[in-house]
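Written below as structure tokens is the structure these notes are about.
Residue numbers (our numbering), protein chains in the order written: chain A, 71 to 307; chain B, 7 to 334.
Shown next, in the form of structure tokens:
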């Protein structure tokens, strides 16, 4: 059996006295796109934050078989575990260029490498090239999401984790964003996607974890979820 | 048909090109102040000298507060270290002023590193209070450790700036040296702001979580930023000591914190020009309003409040709005 790209074992996290994520285990294989579905407050964002140690908690995190549980966030980023946060986490007062360059922080400032990565991002999102000197805060929601994903791609991720990338976007733009993620996955990038727009996410993923009340209540192939009714069944589990 | 993964949304805004009017205006105003200083009498030279020293202090403070988004109410502690360090090394031990300035900067940097390591684990108001305590402690030490600082009596006999046979003997020569050091300090800050480190600091100011998620070592960079601010504060304290030839605890007291905050917010925090504009305006405004006699303070405060209300991002922010930066 091949070593998973990401494996978490009994990972939990709490905010004060509230255990937002109960001991949870999951895997993402190399080149796999896995979706986590769940209602509001299920612990989906907390799970991603726990994996990236933004909200540290007990449990094991293995990346390519190596235990990285004790590493701080910036060290995980250096390994290629990159999170696109809910709300995008852009630096609004900075230009598109500066946001993108910050994404390549793990290059150590290597100009040639940064330039090469920029070109890759521009191939993916040509729109960003036209907006290089614009403040991120002045962009539309769709453009901001492109920038957030583009900035994450600047880090040359091995595992890209996204927290509701379609949030607040028009349906057409959301669909295009998710389609872009699908293309990145087809190119071999491992993706862990948290998404509320279930139909879109299910189209991309082969495997789905359903999270409810801070714990995984189902793990199943995406084709087994035929309707919203199926999901509701799990949410009420 | 499968939609393309390459995303091309319609254009919703545009960029503009033109002359960099803001930079031209600021350069012209700066040149005007310098010409005015060197053609005026000794009192004006002293006022502009103080403004330049404060500008240097605020440039450092701006790096920590404006660019890195942290709060410090205690940078006066490092100015005191610089001032007393230079005074003691030159007046008591015969060090060259320039050497003393560099040595006290190094010492202040080490102190900032030691103090900052535990202190910067705090955030927001807690960090502000901890740094404020740092300033108060330094103030009390400067009063009570009389063997070292001469307490309220103050420290006199501090030589003017210089090294080897070259000394700035007149106030205008001293002002020239201070302005050169200020220019170097501002250029260094501008360079740092746009460096990889500076960008990372500004990312921390934007969101510590997002910065951390990008691989930026947030705690370490906050500490380095704190040390940079301390180096500037120390240099400003040293320059003050050499420029005036006398220091006392009040020079580096809480009033210095209030004054520097006024300059920073009035000029425009988070901008390179802001500390310079703020220092000049806050230093010169009371002098320009002497004609109001008994109403001088009221007039000064009304103008300050007016600027803060109508230009909440400071004068630099106002210029930004009126004369947008050139974009390509």
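In this text, a Cβ means the ideal position worked out from N, Cα and C, and glycines have one as well.
When Cβ-Cβ separations below 8 angstroms define contact, residue 232/A makes no contact with chain B.
Excluding residues up to 5 positions away in sequence, 54, 286 lie with their Cβ nearer than 7 angstroms to the Cβ of residue 39/B in the same chain.
Residue 204/B and residue 298/B have their C-alpha atoms spaced approximately 43 angstroms apart. Taking the CA atoms as reference points, residue 148/B sits about 12 angstroms from residue 94/B.
With fewer than 16 other CB atoms across the displayed protein chains lying within 10 angstroms of its CB, residue 290/A is exposed. Nearest in C-alpha terms to residue 251/B, of all of 92/B, 317/B, 200/B, 77/B, is 92/B. When DSSP assignments are scanned along the segment 126-199 of chain A, the uninterrupted stretches of alpha helix (DSSP H) that are 4 or more residues long and fall wholly within it turn out to be 143-149, 166-173, 181-194. About 6 angstroms separates the beta carbons of residue 84/B and residue 118/B, which is inside the 8 angstroms limit, making them a contact pair. Taking 8 angstroms as the threshold, the shortest C-beta distance from residue 189/A to chain B does not fall below it. Assignment of residue 276/A by DSSP, reduced to helix, strand and coil, places it in the coil class. The beta carbon of residue 80/B does not come within 8 angstroms of any beta carbon belonging to chain A, so the residue lies off that interface.
With the rule of 3 Cβ pairs closer than 8 angstroms, the segment 185-194 of chain B does not count as touching the segment 118-136 of chain B. Going by beta carbons, residue 119/A and residue 141/A fall outside the 8 angstroms limit. Runs of the alpha helix (DSSP H) lying entirely within the segment 254-329 of chain B, each at least 4 residues long, are 260-273, 279-294, 302-316, 320-328 in chain order. Against chain B, the beta carbon of residue 147/A has neighbours under 9 angstroms at 218, 219, 220, 221, 222, listed in chain order. Going by DSSP, residue 208/B is part of the alpha helix (DSSP H) stretching over 202-212. Residue 124/B sits in a helix when the DSSP states are folded into three classes. Contact between the segment 57-69 of chain B and the segment 215-229 of chain B is absent, with fewer than three C-beta pairs closer than 8 angstroms. Taking a Cβ-Cβ cut-off of 8 angstroms, the neighbours of residue 213/B in chain A comprise 159, 161, given in sequence order.
Pairing residue 280/A with residue 113/A gives a Cβ-Cβ distance that is not under 8 angstroms.
Rounded to the nearest angstrom, the gap between the Cα atoms of residue 207/B and residue 75/B is 8 angstroms. In the three-state reduction of the DSSP assignment, residue 289/A falls in the strand class. At a cut-off of 8 angstroms, the C-beta of residue 225/A has a neighbouring C-beta in chain B.
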